[in-house]
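The listed protein sequences derive, respectively, from chains A and B.
Note that the UniProt record's numbering numbers the first sequence so that position 475 is 475, with each residue one more than the last.
Note that the UniProt record's numbering numbers the second sequence so that position 191 is 191, with each residue one more than the last.
The C-beta atom is built at its ideal place from N, Cα and C for all residues, glycine as well.
Protein chains: 2
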Amino acid sequence: MEKRNLSLLTDFYELTMANGFFLDGRENEIAVFDVFFRRVPDDGGYAILAGLESIIDYIENLKFTAEEIEFLRSKKIFSEGFLNYLANFKFTSDVFAIEEGTPIFPNEPIFVIKGPIIECQLIETMVLLSYNHQSLIATKASRIVREAKGRAVLEFGARRAHSYDAAIIGARSAYIGGVIGTSNTISDMYYGIPALGTMAHSYVQSFDSEYEAFKSYALNYPDNTVLLVDTYDTLNQGVPNAIKVHNEVLVPMGKKLKGIRIDSGDLAYLSKKVREMLDNAGLTETTITVSNSLDEYLIRDLIVHQDAKIDTFGVGERLITARSEAVFGGVYKLSAIERNGILVPRIKISDNVAKTTIPGFKQVYRFYDENNMAIADVITLFDEVIDESKPYMLFDPNAPWKEKLVSNFKAVPLLTKIFDNGKLIYKKPSLKEIRAKKEQLFGTLWKEVIRLQNPHEYYVDLSKPLWDLRQEMITKHRSR
Amino acid sequence: MEKRNLSLLTDFYELTMANGFFLDGRENEIAVFDVFFRRVPDDGGYAILAGLESIIDYIENLKFTAEEIEFLRSKKIFSEGFLNYLANFKFTSDVFAIEEGTPIFPNEPIFVIKGPIIECQLIETMVLLSYNHQSLIATKASRIVREAKGRAVLEFGARRAHSYDAAIIGARSAYIGGVIGTSNTISDMYYGIPALGTMAHSYVQSFDSEYEAFKSYALNYPDNTVLLVDTYDTLNQGVPNAIKVHNEVLVPMGKKLKGIRIDSGDLAYLSKKVREMLDNAGLTETTITVSNSLDEYLIRDLIVHQDAKIDTFGVGERLITARSEAVFGGVYKLSAIERNGILVPRIKISDNVAKTTIPGFKQVYRFYDENNMAIADVITLFDEVIDESKPYMLFDPNAPWKEKLVSNFKAVPLLTKIFDNGKLIYKKPSLKEIRAKKEQLFGTLWKEVIRLQNPHEYYVDLSKPLWDLRQEMITKHRSR
């Protein structure tokens, strides 16, 4: 889908480091890097992963054109050998990733790249950028959709997105998160996400009366007449005009008023009044859509506390920019490097225990109980085998005396091999499949984990061998 | 620069409305639309306009391909006449805009389009999207740069941007706002914004010791040795190793350690200690760069209250996402429509006085006093003439009894004609010119207007004729 060449969308230091590795003759040294994040935005209990498809497309198309090489040469700091390496660049690494639509949790590896260190560095920026943005929006969308409690949520944010991709790809991420449609036409064309929308205030204003505007729209779209009723006065003009158009224009055509939209004012009060007016006019099936700076908190309040009569929420700027917290903080850290043909784990120690990295080449297993509910994720060394036929001891890595023996569990590995020696071996699922996967996996999370406020912290544990390795490395480091 | 075809990056309702206008035979009805915003993000006193170049590129390339037409046809709601209109689409409108880099204020028109209503609607989404995102980032950057009080600010946010454009175009916007460079290589290639950066923690970790990593870097980049000193222990290892590499590697080559970077820990404390250590080693010219979730408030505190010894700030996620307030709320409103060959003003009345629109086809003048300081913007009817040789009465449109007679002023029109009957007549300035314009115009703002907290509200007034028109329309509307 991505046709631009974004190979120089990379932090300049990736190139200076890569050139350094090349000059030092280390370009083929095998390294392992992990992508993970430390905190869920908005203090949420989970995130929804998105961005893998973009990363696959990017890696598959990664090449450096003559023009780009020339640009780099003009910087006068890159060796000809390195520029030549770039000109003949071929991606040869192994890549493992958690699939899109999967709920993910802090500190677990969601993307692992194992290959020549120079390749690992060159793709860092694009990998992070793709995951961070797309997971941010998918997560925000899933929060909003959850609070709508089965009512439809539409993504309406293109005009406030952070440029074009954010509108286009953002709609895709929001769809993974659970919205049912978008205002953005191009995202329908690219991804098949239903594009929806009928009229703006300007349409109503461009006529000499609201009634004429509604009549025109009904005549032109008798099967999809959704009228914006708040241009002048929702209760005294807008809804009466909509009902009049239903009776005078649509009924004679054998049609019905499909819906009305309210974009301003007190949505709780207005929706209840409008519902009453529509019902009294026999328009019990006419839907009510509302929009206007909505987010998960406002939607929850409308539904839970105000008994608003709303069928569909149009959510714009606060979804497409994740306004409440617009940063998803995925990082990309070295976890192992080859020495004499053996992968040697690396750790970055921090005064802050939580910021100390988890060393080594790893896998993540999600444990499900007999009711198929997710009980914990366990990060293991890559080759560890988990025997489902025996009880398994889970323990909190920060408080290892807090143990829990589990039996009758299923342990599903989350990291799937995507590229094998640079070759794509993963069959990209369709967007509908990704969305369905998200629905299914989201259903395996306890309500306590997904609630908006003070969610229960989902367990992300370390296996005993991995915990031992980490402790040993911390101890060794301290004793230096 | 923009090579993608983004013509369907438009809200679906633009297309349903356009099809409606077409079916009603109104596609050539001339309308006037204004873009304006109501509130500066972060409760600031000004915004910096950016996005015009993208809009020009978009409009110049606006066409609907056969594939797009086919996609729209598949929706089964668009008339063949309309699809044929799109297939032969030619932009014929007049476009007026305030130039990039100009400080702008709430409620004034920053973009005016006058042309067939169908064209006005089709471009709405892209116009808003471009202005909203780019002005958001330019404004945020200018706030951060101001608080750095002459120290360099670098844009380091690509990995947390809201997808690819947000990183690429975001760097351009940040440059307009005043940063001196970016981490994003592609923005250097596209726009000539210096791309900067040297190494990540992974580089240091990939060696068996920090000293070896620094030595390698110094040997490979003797003219640009900037070392990241916080991988293990800034004061006890990082800086001593950097000084050692200076003495043992760089000095013998006749070179000097250019700088060090600190990316974690207490930046105020560390920068002072590091400055002392470097100075004691004779490295008085070695610069100190810091990064790590910085923004204008943290930078101000470091400089004003903590006497931090910092030469350069690398600012990432909080700039590129405008995290403190990630939405710029530009809107696109109908202000006039032709009836019988005459432009008839349109107004949208709101219960909230501030949300009532300003009707008519308009111009904006910026008034400067004899010291070339900006004193007010005055929105006028488009053809009004302001006679600089006579005193001019300014008044507050919300409190018209608050008057101020000004003399010896210059009144500069801000809206420049960009497209004339669809033809581009504006010479696009270079990015450097835009940045210089921002610097110059920013200097005409009173300190009271640009301060971070509780800024003085810059005057955006209406001319008497425009105020009279608006009052008359409000009165007429109320009497209905």
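For a contact defined as C-beta to C-beta under 8 Å, what are the partners of residue i on chain A?
i               : result
glutamate 68(B) : Met189
tyrosine 269(B) : By Cβ distance, chain A contributes nothing, its closest Cβ being about 13 Å from tyrosine 269(B), past 8 Å.
Could one say the Cβ of residue i lies closer than 7 Å to chain A's Cβ atoms, at least one of them?
i                   : result
asparagine 61(B)    : no
glutamate 248(B)    : no
phenylalanine 71(B) : yes
isoleucine 169(B)   : yes
glycine 20(B)       : yes
tyrosine 164(B)     : yes
serine 479(B)       : no
Would you mind giving the Cβ-Cβ distance between residue i and residue j, rounded to the nearest angstrom? I have them listed as a contact below 8 Å.
i                    : j                    : result
leucine 154(B)       : threonine 198(B)     : About 12 Å separates the two Cβ atoms, so there is no contact after all.
lysine 256(B)        : glutamate 285(B)     : 7 Å
phenylalanine 96(B)  : glutamate 119(B)     : With 8 Å as the limit, phenylalanine 96(B) and glutamate 119(B) do not qualify as a contact, their Cβ atoms being about 14 Å apart.
lysine 355(B)        : alanine 308(B)       : At roughly 43 Å, the Cβ-Cβ gap does not stay under 8 Å, so lysine 355(B) and alanine 308(B) are not in contact.
phenylalanine 419(B) : serine 93(B)         : 6 Å
valine 327(A)        : glutamate 317(B)     : 5 Å
leucine 414(B)       : threonine 102(B)     : 7 Å
valine 127(A)        : valine 35(A)         : 6 Å
serine 206(B)        : isoleucine 117(A)    : 6 Å
asparagine 315(B)    : phenylalanine 156(B) : Per the sequence presented here, residue 315(B) reads as valine, with asparagine not at that position. Contact flag correct, Cβ pair sits at about 6 Å.
glycine 330(A)       : asparagine 132(A)    : 5 Å
In chain order, what residues of the same chain lie with their CB nearer than 6 Å to the CB of residue i, ignoring the 5 residues before and after it?
i                : result
serine 54(A)     : Ser130
arginine 361(B)  : The identity of residue 361(B) in the sequence shown is phenylalanine, whereas the question assumes arginine. Contacts found: Val32, Ala336, Leu343 and Phe382.
histidine 201(A) : Thr231
threonine 185(A) : Ala195
alanine 50(B)    : Glu100, Gln134, Ser135, Ala138, Ser173 and Ile176
glutamate 370(B) : Asn408
glycine 170(B)   : Ile137, Ala161 and Ile320
Residues of chain B with a CB under 7 Å from the CB of residue i: which are they?
i                 : result
threonine 125(A)  : Ala158 and Arg159
methionine 17(A)  : Met199, Ala200 and Tyr203
glutamate 317(A)  : Val327
arginine 323(A)   : Ala326 and Val327
serine 216(A)     : Gly20 and Asp24
asparagine 224(A) : Ile77
Going by beta carbon distance, what residues of the same chain come within less than 7 Å of residue i, once the five residues before and after it are set aside?
i                 : result
serine 79(A)      : Asn19, Phe22 and Leu23
threonine 312(A)  : Arg151, Ala152, Leu154, Thr287 and Thr289
alanine 242(A)    : Phe214, Leu227, Val229, Leu257 and Ile260
methionine 253(A) : Pro222
Indicate whether at least one CB of chain B lies closer than 7 Å to the CB of residue i.
i                 : result
asparagine 220(A) : yes
alanine 326(A)    : yes
alanine 174(A)    : no
tyrosine 46(A)    : no
leucine 9(A)      : yes
serine 291(A)     : no
Starting from the beta carbon of residue i, find every residue of chain A whose beta carbon is closer than 7 Å, and list them in chain order.
i                   : result
phenylalanine 12(B) : Ser183, Thr185, Ala195, Leu196 and Gly197
For a contact defined as C-beta to C-beta under 9 Å, what are the partners of residue i on chain B?
i              : result
residue 482(A) : Residue 482(A) lies beyond the stretch modelled for chain A, which goes from 1 to 480, so this question has no answer here.
alanine 31(A)  : Ser202 and Ser206
lysine 333(A)  : His201, Ser202 and Gln205
By the criterion of Cβ-Cβ separation under 9 Å, what are the contact partners of residue i in chain A?
i              : result
alanine 308(B) : Neighbours of alanine 308(B) on chain A: none; closest Cβ ~20 Å, over 9 Å.
Measure from the C-beta of residue i to each C-beta in chain C and report whether the shortest distance is under 7 Å.
i                 : result
isoleucine 434(A) : Although the question refers to chain C, the structure presented lacks it and instead comprises the protein chains A and B.
Below 8 Å CB to CB, which residues in the same chain sit around residue i once its five sequence neighbours on both sides are set aside?
i             : result
valine 353(B) : Asn398
valine 145(B) : Val153, Gly177, Gly178 and Val179
Residues in the segment 335 to 365 of chain A having any Cβ partner in chain B nearer than 7 Å: Hits within the stretch, in order: Ile337, Arg346 and Lys348.
What are the residues of the segment 114 to 144 of chain B that lie near chain A, defined by any Cβ-Cβ distance shorter than 9 Å? Ile117, Cys120, Gln121, Glu124, Thr125, Met126, Val127, Leu128, Leu129, Ser130, Asn132, His133, Gln134, Leu136 and Ile137
Give, in chain order, every residue of the segment 74 to 95 of chain B whose Cβ lies closer than 7 Å to some Cβ of chain A. So the list reads Ile77, given in the order they occur along the chain.
Quick one, which residues of the segment 396 to 415 of chain A are near chain B if we go by CB-CB under 9 Å, in chain order? none
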